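Quick note, the sequences are listed as chains A and B, same order.
Residue numbers for the first sequence follow my numbering, so the first one is 46 and each next one is one higher.
Residue numbers for the second sequence follow my numbering, so the first one is 46 and each next one is one higher.
Where a beta carbon is used, it is the ideal one built from N, C-alpha and C, also for glycine.
Just so you know, these numbers come straight off a predicted model, no measurement behind them.
Here's the structure, in structure tokens; my notes come after.
2 protein chains.
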Amino acid sequence: MSGTSHVKRRGRPPKQVDSYSDTKTALIRAGLVTMTEKGFSASGLDEILRSVGVPKGSFYHYFQSKEDFGSTLIETYGKAFSSNLDKYLLDESHLPLERFSYLIESFRKYMIEHDFQRGCLIGNLGQEMGALPSVFRQQLIDVFEEWQKKTSLCFKEAQQRGDISTNLDCAELARFFWVGWEGAILRAKLERNATALDNFTDHFLKFLNK
Amino acid sequence: MSGTSHVKRRGRPPKQVDSYSDTKTALIRAGLVTMTEKGFSASGLDEILRSVGVPKGSFYHYFQSKEDFGSTLIETYGKAFSSNLDKYLLDESHLPLERFSYLIESFRKYMIEHDFQRGCLIGNLGQEMGALPSVFRQQLIDVFEEWQKKTSLCFKEAQQRGDISTNLDCAELARFFWVGWEGAILRAKLERNATALDNFTDHFLKFLNK
DNA sequence: TCAATTTCTAGACCAGTTGTCTAGTAAAAG
DNA sequence: CTTTTACTAGACAACTGGTCTAGAAATTGA
């Protein structure tokens, strides 16, 4: 059950040359897993700590509080996801809308791979916002903003090629996509199948070449 | 802060002729408010009880557990919302798509009225499902199913009048709407404004008469 | 080389949570 | 007017959550 087997002794441990056993990274990794599944409020520190075999004291060495930890997770997740968007949406070896389709397909695979238990951290925390530290709000908004900007650029390219109707505003379209897609993730997690993802994708793509 | 002012005395209270001061109803009402804002996990019983001035003993007289309480809330919310759908979508004094637009407008008003703090109970709990009693899952799915069915019927009427393209499947369309709409609520709560609601509405309506 | 410092660990600690349980009060029933 | 019913009051136990202090070993630098 417990992740990487740490055999812990008291005191400062020998300097780790191998980077993978970095405690902080392990904590972030475990936090991402737990919180993409259960959100912020329902994720207990104990549970996360147990999963990596790290005591509370270590946690509070690396993070000031659970709130600070959450902020870091948003930051980390947002950036990782952003690179992922680049990987797909800037891939010049495919047409813009093809890149977009491949991206969606990768999301779909991700959901299936994790049995529809893990969703989107940003969506989860957004939903919970009513019970969350208020500093999260702007962070979450910013992340969405960035994802949308990247998506919008891809749409713009497609539009210039004539693959998207010119009376659609690409920025608005990207927003429409991300708003709806988060809804689709929510539903897919609830129903534990890909129906909602596919339904949304179909309709959205149909809308593009309208 | 505390809701309906109950001045409680010990012992069995006089039979209430006026229904509004029913303790159970008050608990449900308060539970709905709290949980549409903060979801299930982040809502403490104590907080809910304090807000209506009811002690634990009473709560556990009416409900077996927090889980049982949650089930009741889903049930209540689902039904109330369902009647609301009927109110709008079966109103023969307007054309089908007009009814639908009025419905959306009423949602929008609701969100504004509560400063974008209250969302949809079903959406909230759906998102949290990873940390919730598993009996909730089917309940939530069923509620969505019902809402979609009612919405689908309205679309069907519109389609028969020629207001919706015949190569759209109304059931799928209703699903598309509810999936996306929940996403829009999530985002509107996060951003504390109606942009996401309006963006989604615009695109969806544009999609209909495609 | 050896005290001072840094870095990290161990787990005690306290507040808050859910859910139980007993005692109590008064209306209602017979 | 006694018994029963329906509900309230809130203490309490078991547990979980987040925070914090003390401690131990590696590292530093005179």
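Query	Result
As assigned by DSSP and simplified to three states, the class of C165 (chain A)	coil
N- and C-terminal bounds of the alpha helix (DSSP H) containing N244 (chain A)	240-253
Any chain B beta carbon closer than 7 Å to D243 (chain A)	no
7 Å Cβ shell around R153 (chain A) - same chain, five flanking residues per side excluded	A239, L242
Neighbouring residues, chain B, relative to N169 (chain A) (Cβ below 7 Å)	Q172
Q204 (chain B) classed as buried or exposed, judged by whether at least 16 other C-beta atoms fall within 10 angstroms	buried
Residue-chain proximity (K194 (chain B), chain A), Cβ-Cβ < 7 Å	no
Chain B within 7 Å of K111 (chain A), Cβ atoms only	no
D208 (chain B): first and last residue of the uninterrupted alpha helix (DSSP H) it sits in	Counting along the chain, D208 (chain B) falls outside any alpha helix (DSSP H), and DSSP gives it neither H nor E.
Given 8 Å, three or more beta-carbon pairs between the segment 132-143 of chain B and the segment 98-112 of chain B	no
Spatial distance of H106 (chain A) from Q183 (chain A) (CA atoms)	26 Å
Integer-rounded CB distance, given that S127 (chain B) should sit under 8 Å from W192 (chain B)	7 Å
Test: S197 (chain B) CB closer than 7 Å to a CB of chain A	no
Beta-carbon proximity list for E92 (chain B), same chain, < 7 Å, skipping 5 on both sides	T79
is_contact[F252 (chain B), chain A] using C-beta, thresh 7 Å	yes
Contact set for I149 (chain B): own chain, Cβ-Cβ below 6 Å, skip 5 residues either direction	T246
Endpoints, alpha helix (DSSP H) assigned at F221 (chain B)	215-236
Under 9 Å by beta carbon: chain A residues contacting Q234 (chain B)	One point to set straight first is that residue 234 (chain B) is Lys, not Gln, in the sequence displayed. Simply G171, Q172, M174, G175.
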